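Working notes for the structure below.
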Amino acid sequence: MTLEILQSSLVIPSDDTPRERLLLSNLDRVAVRKHNCTIYLFKNNEGDNYFFSVEVLKSALAKALTMFYPLAGRHTIGQDGRDQIDCNAEGVLFVVARLDCTADSIQFEPMSPENRELFFPKEPQSSSLLEMLQVTYLKCGSVVLGTSTNHILVDGRGAAHFFQTWSRIARGDLTSIVPPSFDRTPLRARCPPKINFDFPAYMTDLSGIEGKPKSCALNLFKLSKEQIRHLKIRCSKGSNITNVSSFVAVSALVWKCYCIAQGLDPDIKSRLYFTADIRNRIHRPIPTYFGNGVIRLSATSEVSRITSSQIGDVAGTVKAVIDGLTDEFIRSFIDYMEVMRDRKVSVITDMSESDLRIRTILGMPIYDIDFGWGAPQLVSWERCTENRVVYLMNEPGQDGGIKVVVSLDSSTMKRFQKVFSEELLFKYFQARLPELCSQTLKQRLTECDSSDSDLVTPNTRQSAFSFSFSLSFSKEKRRLSPSDGASEASATRFRFLRFRKSRLFLGSNFKVLVTPFWEGLS
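Here the sequence shown is numbered in the working numbering, starting from -17 and rising by one per residue.
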C-alpha cells in the first residue's frame, strides 16, 4: 500500500477568538499525555463526485474552531510550572492523502498498529499541537478520517462534541449545535483542601516504572442487544443490585472470564480499572464541559470470589464503585490532586498480571458524525495495543449491540476466547431453552433423525427426542467468534440439540445437567 500526501496545512478559526491563557484543571493535569487517535470510515455508496469535499470540510472546520478555539492553541507550561493552553489561534493540522487500496483490504477492527502510519498525521517534532486530522481517500471511493486529539486538553466525550459540531456545520445543521463550556471553575480545589477518600487507581511513586511494550493478541467480540439483555438479567438474579447498566454487565463478564483464563492464585486480589464521567455527578452538573471530566476508579475483589461467584456478585462489586462516585468523592479527588501538585501523580499503567483495565466510549455519539454524506460505517481506536486492556464501544445503527476488543498475551487470549464464549454463549442459550423448546418441540418431535427413530414411541416420547438446532446456534457462534477465526466458526455446525433423560448435549463441546421441563408440552 502506497500513501500519497496531497496537501498539509494549518486550519485556523474563521473569526477572531479570545487570546488568553486557559489554566488546566487538576483532572486535565492527571490525564495521560498522549494523543487519542480514532478512525472513522465513510463509504461512498452513491458515487458522489463531491464526496468528502476538502473545501467543505476545511471551511466547516474553521467555523467550528471559532467555537472550540482552545483546540487551535498550543500546550505550554506557565511560569508557575502549571500546564496551560495558549489560545493563540495558530490552528490545527489538516492533512489530505490518497491510498491505493480499497476499504475491504484493510483491517480496521481491531486496528493494526501499522495503520497509524497510514491514517494519522505525523506530529512535527517539538510540536505542542492539540488537534491533528487526516482525510484519506481510498481507491474504492471510501474515505477514512483519522483524528488525533491531545488528551491533556479534553477527554473522549469532549472530543466527540467537537467532531459532532464540525460535521453539523458541514451539512448545514446549525440549529442543533450546542456551544461548549471551557470554564474550569466548577473543578477548582477547595480552600482549605479536604480529602476524605483514598484513590488506589492513582500512584505517586513513579520510580522504576517504565512502560514495557509486550506482544499482544487482539480479538474482537460482538455482543447482540439480546445477549446483553440476558446478561443483565443474569446480573440481577440472585443479587441485590438493580438497574444494571450495559457497562457494568459486560465489565463483570470480562473480569470474571479474565481471572479464569489467567489461572490466577485464588487467594490474591484482582483489580479492575476503568474511568467514569463526572459531568453529571457533581452538585452543579456541567454537561457541555469541554475538558477532561473523568476519574479513574478501581474495583477490587479476591480472585476466588470472582471466579466462583455468580456473575451478579461480580457486577455488584463494579456497580458499588460507580455508585460511590459522589460529589464529595469528586471534590476530595480534586483536593488530593491540589495537595499533590508538586509531586508526579499518574494513573497506574504498570499493572500486575491479576489486574485488568477497561476503556469505554459506550454512549458517546461517535456515530452521530455526519458531514452530509452519511454516518460512518465503522469507528475504531488506534490504541488497542496495550496488554490486559479491554475496549468497549457501541455497534453502529440502532441494534444496541456492543463491540468488545480484548488485548491480551497470546496464551491467555486462547483461554479467554474459550471461557468468554462458553460463559456468554452457552448460558445465553441455556436461559432461552424453555422459550425455544416451547415454540418448536411439538413440531419437531416428529422430525427425529432415523438413528433415533426407535426412541420416539408412546412410552419414550417425553423422555427422549432430538431436533435440528444448527441455524440459530451457528449464527450466535459466529457472532461471538473473533474476527481472525471467522472462517473456522463458519465451518462449525452444531447440528443437533438432544435430550436423553436429564442430559442436554450441544454438539461435542458443551454438556450440562438440566431439569426436564418438557413433560407438560404434549
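Cβ atoms here follow ideal geometry from the backbone N, Cα and C, with glycine treated the same way. Treat the numbers as computed from the prediction; the structure is a model and nothing was measured.
Inset, instruction - For the alpha helix (DSSP H) holding Q146, just list the boundary residues, first then last. - result: 138 to 152
Legend entry - Limits of the unbroken alpha helix (DSSP H) element including D317: Unbroken alpha helix (DSSP H) run through D317: 309 to 321.
Legend entry - Cutoff 6 Å; reference Q(-11); Cβ partners in own chain excluding five residues on either side: Taken in chain order, the residues that qualify are V78.
Inset, instruction - For N274, count neighbouring Cβ atoms within 10 angstroms of its own Cβ and tell me buried if that reaches 16, exposed if not. - result: buried
Inset, instruction - Using only alpha-carbon positions, find the residue among T308, A13, I223 that is nearest to I260. - result: T308
Inset, instruction - Could you check if N225 is buried or exposed, using at least 16 other CB atoms within 10 Å of its CB as the buried criterion? - result: exposed
Legend entry - Contact the stretch 163 to 172 vs the stretch 4 to 16: 3+ CB pairs below 8 Å: yes
Legend entry - Contact set for A258: own chain, Cβ-Cβ below 8 Å, skip 5 residues either direction: V276, I277, L279, I304, L307
Inset, instruction - With DSSP as the reference, please indicate the residues paired to M375 in a beta bridge. - result: Its beta-bridge partners are K385.
Inset, instruction - Would you mind reading off the limits of the alpha helix (DSSP H) that contains M395? - result: 392 to 403
Legend entry - Spatial distance of P174 from M319 (CA atoms): 13 Å
Inset, instruction - In the DSSP assignment, find the unbroken alpha helix (DSSP H) run with Y240 in it and report its ends. - result: 228 to 244
Legend entry - V212 burial status per 10 Å Cβ neighbour count (16 or more: buried): For clarity, residue 212 is His in the given sequence; the question names Val instead. Looking at its Cβ environment, which holds 16 or more other Cβ atoms inside 10 Å, H212 is buried.
Legend entry - Which residues DSSP lists as bridging L338, in chain order: L254
Inset, instruction - Starting from the C-beta of Y349, find all residues in its chain whose C-beta is less than 8 Å away, skip the five residues before and the five after it, and write them out in chain order. - result: Same-chain partners within the cutoff: A357, P358, V361, N376, P378, G379.
Inset, instruction - May I have the straight-line CA-CA distance separating T118 from G60, to the nearest angstrom? - result: 37 Å
Inset, instruction - Could you tell me the boundaries of the alpha helix (DSSP H) in which M49 lies? - result: 36 to 49
Legend entry - Where N222 falls, given that 16 or more other Cβ within 10 Å makes a residue buried: exposed
Inset, instruction - Give the range of the beta strand (DSSP E) segment to which F353 is assigned. - result: From DSSP, F353 is part of no beta strand (DSSP E); its letter is neither H nor E.
Legend entry - Cβ-based burial, C217 [other Cβ within 10 Å; buried from 16]: buried
Legend entry - A85 versus V126, M114, E96, E113, residue with shortest Cα-Cα distance: V126
Inset, instruction - State yes or no: is the C-beta of H133 within less than 8 Å of the C-beta of V(-7)? - result: no
Legend entry - Counted within 10 angstroms of its Cβ, other Cβ atoms place D(-2) as buried (16 or more) or exposed: exposed
Inset, instruction - Say whether the stretch 32 to 52 touches the stretch 85 to 98, bearing in mind that this needs 3 or more beta-carbon pairs closer than 8 Å, one atom from each stretch. - result: no
Legend entry - CA nearest to the CA of V387, picked from L202, I264, F353, M346: Of the candidates L202, I264, F353, M346, the one whose C-alpha sits nearest the C-alpha of V387 is L202.
Inset, instruction - Could you pull out every residue in the same chain whose Cβ sits closer than 7 Å to the Cβ of R11, ignoring the five residues on either side in sequence? - result: D65, M319
Legend entry - Within 8 Å, strictly: CB atoms of I210 and I88: no
Legend entry - Straight-line gap, K251 to D391 (C-alpha atoms, nearest Å): 20 Å
Legend entry - Span separating the alpha-carbon of M346 from that of R139: 6 Å
Legend entry - Coarse secondary structure for L111, derived from DSSP in three states: L111: strand per DSSP, three-state reduction.
Legend entry - Contact set for A141: own chain, Cβ-Cβ below 6 Å, skip 5 residues either direction: If we look at A141 and ignore the five residues flanking it on each side, its Cβ neighbours are T131.
Inset, instruction - Excluding the 5 residues preceding and the 5 following A71 in the sequence, name in chain order all residues of the same chain whose CB lies nearer than 6 Å to its CB. - result: I(-6), P(-5), T(-1), A54, listed in sequence order.
Inset, instruction - Count the other C-beta atoms from every protein chain shown that fall within 10 angstroms of the C-beta of V122, then say buried if there are 16 or more, exposed otherwise. - result: One detail in the question is off: residue 122 reads as Cys in this sequence, not Val. Its Cβ having fewer than 16 others within 10 Å, C122 is exposed.
Inset, instruction - Would you mind stating whether F229 and P162 have Cβ atoms separated by less than 8 Å? - result: no
Legend entry - R287: first and last residue of the uninterrupted alpha helix (DSSP H) it sits in: 285 to 290
Inset, instruction - List the residues that DSSP assigns as beta-bridge partners of T129. - result: In the DSSP output, where bridge partners are listed per residue, T129 has T20, L115.
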